[in-house]
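In the working numbering, the protein residues as written are 14 to 202.
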């Protein structure tokens with residue numbers, strides 16, 4: 014869907030910039046500058062410019078909404094992961110049991126694998142590099158905000174070693190993927 018919108022935008026732009034030949038209502042092709050009077054030309058041009066502007070604004074809005082939906086989905090997964098991580102807060106009965114039961118970073122690895130797989134799918138399927146970079150940037154900023162909010166709620170408590178290891182893995186994978194996206198995105202320029 015996102016690639017379709019990008020393709021439509023490119024086709025619309027090429028159609029609106031094409032001034033050589035225009036099809037009249039009866040099906041004949043006429044040169045716009047030679048066969049139309051200045052009044053007819055000035056009346057048709059504002060309509061096409063207005064239609065182009067309205068269509069471009071609509072497609073830009075759809076792009077923006079799709080970007081928000083994608084980043085919101087990725088951030089909702091992070092929210093769930095942070096809620097699971099909150100179970101390890103120091104001082105709760107559940108934290109001591111969970112710390113003993115799960116010594117490896119299984120949750121962190123699962124989240125990192127999920128994010129890397131989904132971001133890789135986006136990288137391979139989206140053709141608009143600028144749009145892809147904006148999605149990555151919005152996701153990374155949102156991720157840092159969520160982690161910051163989560164840590165702000167725990168200012169008075171001590172984080173466990175598991176939580177620190179987990180949070181560092183989350184932030185690291187986000188930064189690495191953002192840097193890779195920027196490197197791949199700007200290599201074509």
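Cβ atoms here follow ideal geometry from the backbone N, Cα and C, with glycine treated the same way.
Query - Contact belief for residue 91 with residue 159 at Cβ below 8 Å, rounded distance in angstroms - result: The Cβ separation is near 6 Å, so the contact holds.
Requested in this report: Determine the direct distance from the alpha carbon of residue 190 to that of residue 171, and round the result to whole angstroms.
Outcome: Near 29 Å, if we compare the C-alpha coordinates of residue 190 and residue 171.
Requested in this report: Rank 187, 121, 80, 167 by C-alpha distance to the C-alpha of residue 93 and give the top, closest one.
Outcome: Among 187, 121, 80, 167, the Cα nearest to that of residue 93 is on 121.
Query raised in the report: Can you tell which of 141, 185, 169, 167 has its C-alpha closest to the C-alpha of residue 126?
Result: Out of 141, 185, 169, 167, the CA that lies nearest to the CA of residue 126 is found in 185.
**Report entry** residue 169 in three-state terms, based on DSSP
**Finding:** Correct three-state label for residue 169: coil.
Query raised in the report: Helix, strand or coil for residue 180 per DSSP?
Result: Residue state, collapsed to three classes: helix.
Requested in this report: Within 10 angstroms of the Cβ of residue 71, are there 16 or more other Cβ atoms? Answer buried if so, exposed if not.
Outcome: With a threshold of 16 other beta carbon atoms within 10 Å, residue 71 falls short and is exposed.
Report task. In the DSSP assignment, find the alpha helix (DSSP H) that holds residue 140 and state where it starts and stops. Result -> First-last for residue 140: undefined, no H or E at that position.
Query raised in the report: In whole angstroms, what separates the C-alpha of residue 178 from that of residue 60?
Result: Linking residue 178 to residue 60 through their CA atoms gives a straight-line distance of about 59 Å.
Query raised in the report: Less than 7 Å separating the beta-carbons of residue 148 and residue 83?
Result: Judged by their CB atoms, residue 148 and residue 83 are nearer to each other than the 7 Å cut-off.
Query raised in the report: Considering only C-alpha positions, which residue in the set 182, 173, 20, 192 is nearest to residue 99?
Result: Minimum Cα distance to residue 99 is reached at 173.
Report task. If I'm right that residue 135 touches residue 146 with Cβ under 8 Å, what's the distance once you round it to whole angstroms? Result -> Approximately 11 Å separates the beta-carbon atoms of residue 135 and residue 146; this is outside 8 Å, ruling out the contact.
Requested in this report: State buried or exposed for residue 20, treating a residue as buried only when at least 16 other CB atoms are found within 10 Å of its CB.
Outcome: Burial call: exposed.
Requested in this report: Decide if residue 168 is buried, meaning its Cβ has at least 16 other Cβ atoms within 10 Å, or exposed.
Outcome: Residue 168 should be labelled exposed.
Query raised in the report: Nearest-angstrom Cα distance between residue 88 and residue 138?
Result: Going by the C-alpha atoms only, they are around 20 Å apart.
Query raised in the report: With distances taken from CA atoms, which of 63, 62, 151, 69 is nearest residue 81?
Result: Answer by Cα proximity: 151.
Query raised in the report: Is residue 63 near the ligand HEM, with its Cβ less than 6 Å from a heavy atom?
Result: In terms of ligand content, the structure shown is empty, and the ligand HEM therefore cannot be addressed.
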